[in-house]
Each structure stands twice: as C-alpha cells, then as structure tokens.
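Participant: Sequence positions in the sequence shown follow our numbering and run 17 to 196. Glycine residues also receive a C-beta, built at the ideal position from the N, C-alpha and C atoms.
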Amino acid sequence: MKLLRIKNIFFILTFVLSCDIFNEQVINDSNFSGDPLGIAYDVRMVYTDSSKIKAILTSPKHIDFTNLSLKYSEFPEGVKVVFYDNFKNENIIVADYGILYNNTSIIDLKGNVVLESHDKSILNTSQLYWDADSDWIFTEEKFTFISEDYNLNATRLDTNREFSKFQTGELYGTVTVEEK
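(1) Looking only at DSSP bridge pairs, what is SER137 linked to?
(2) Go ahead and pull the three-state DSSP assignment for GLU93.
(3) If you reduce the DSSP assignment to three classes, tell me which class ARG60 lands in.
(4) Just verifying my parser: in three-state terms, what is the DSSP assignment at LEU86?
(5) Pick from THR155, ASN167, PHE81 and LYS196: whose alpha carbon is nearest that of GLN183?
(6) What do you get for THR141, buried or exposed, if any count of 16 or more other CB atoms within 10 angstroms of its CB means buried?
(7) Any idea what DSSP makes of PHE99, helix, strand or coil?
(8) How close, in whole Å, do the beta carbons of LYS77 and PHE99 come, if the pair is a contact with beta carbons under 8 Å?
(9) Suppose the cutoff is 8 Å on Cβ atoms and the five residues either side in sequence are ignored; what does the same chain contact list for ASN119 look like?
(10) Assuming contact is defined by CB atoms lying nearer than 8 Å, are ASP135 and SER163 in contact in what I supplied?
(11) Roughly how many angstroms lie between the CA atoms of MET61 and LYS181, to the nearest whole one?
(12) For the candidate residues ASP149, LEU53 and GLY94, whose alpha-carbon lies nearest to that of ASP65?
(13) Consult DSSP for THR120 and reduce its assignment to one of helix, strand or coil.
(14) Give me the Cα-Cα distance between GLY185 and ASP51, rounded to the nearest whole angstrom.
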C-alpha cells in the first residue's frame, strides 16, 4: 500500500511538473523576442467615421508591434497625415518619425513636425500628439504658429484640429486685433 502511494505521488508530481514545464515553454514562446509582428512599406491607412474619410496616414515604412500588451505601430522613416473636415478641407501634418498607440488611438509625431491647415496657417514644433478619437492636437514642446492674423511662439498647445478652440502656455509674438 505504501509503495502504491509513493507511485501515485511520483506520478502526480511528474504530471504537475510536466504541465508547469509545458506552460513555461508556452509563455516563453509567446514573449516578445524583439521582432515586430510585421513590416510594411509604402503604407496608406484610412480613418473613417460613419463612412466619411476623416484622415489618411501615409508612410514609407510601417513596423507593427501589436504583438505586445501595449500595442503600437512605428513609422521610422517619416509620416504624413491628411485630415479632412466636414467641408472636405485638408489639413496636413508631416513629421520625421511617428508612433501610433493602437489602444488609445494617439499618434506621437516627432522631429520637424509641420502642420499646414487648409487656410495656409502653419504650425512648427519638434513633437505633436494627435488623438484620433477626439480629433485633438496637443504638445508640451515649443511651437510656432503663423497665420494671416497670428505670428506666435509658445511652449504648450492644446487645440482641436480646426484651431477654433486653442489654448497655449507661455505665449509671445504678435496678434492682429481689430479695434471698434
């Protein structure tokens, strides 16, 4: 009887340990190895809402890291985003580098970021975030904004994509004001 118990305990331990080794192997195989899920060239991503095109993102190279818990895509050779408003006007952002965080729909644009609006206003900065879900643009970096009425430099920007709701940090520059 004692020998039977020892055999059963040995069998159970062998079974449990083999399961643990199998589970550890599955975990190790599914861990991120540093390799992306995929790499694509000459990418064009279209963002729509209710069958209307809201934005088109293009890039020469797209690296997909959606195999991680924090899913993201990288655009190491530059990115261009064309936004469309309800009147089909184009606002264009170009940057040297970009990251799209899939879980939050935030795009982090870095390096020589230039936003040109349909009214020929131009925003220059070193980093700019675009929240695709709320159509919101923001940065904590220094920026320059030039339009028909403004020539501004500031250290923070928080705005909608039409620049109709606009907040900045420390501000300096010239603003055209109409007297009545």
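Facilitator: Taking the coordinates as given:
(1) In the DSSP secondary-structure assignment, SER137 is not bridged to any residue.
(2) In the structure shown, GLU93 falls within a coil segment according to DSSP collapsed to helix, strand and coil.
(3) If DSSP states are grouped into helix, strand and coil, ARG60 belongs with the strands.
(4) Coil, per DSSP.
(5) The shortest CA-to-CA distance from GLN183 to any of THR155, ASN167, PHE81 and LYS196 is the one to THR155.
(6) It is buried - the Cβ of THR141 has at least 16 other Cβ atoms within 10 Å.
(7) In this structure, DSSP gives PHE99 an extended state, which the three-state scheme calls strand.
(8) The pair is not a contact, with the Cβ atoms about 22 Å apart (cut-off 8 Å).
(9) In chain order, LEU86 and LYS87 place their CB closer than 8 Å to the CB of ASN119, counting only its own chain and leaving out the 5 sequence neighbours on each side.
(10) The answer is yes: Cβ separation under 8 Å.
(11) Their backbone Cα atoms lie some 27 Å apart in a straight line.
(12) Checked all of ASP149, LEU53 and GLY94; the closest Cα to ASP65 is ASP149.
(13) Taken through DSSP and simplified to helix, strand or coil, THR120 comes out as coil.
(14) Spanning the two alpha carbons is a distance of roughly 40 Å.
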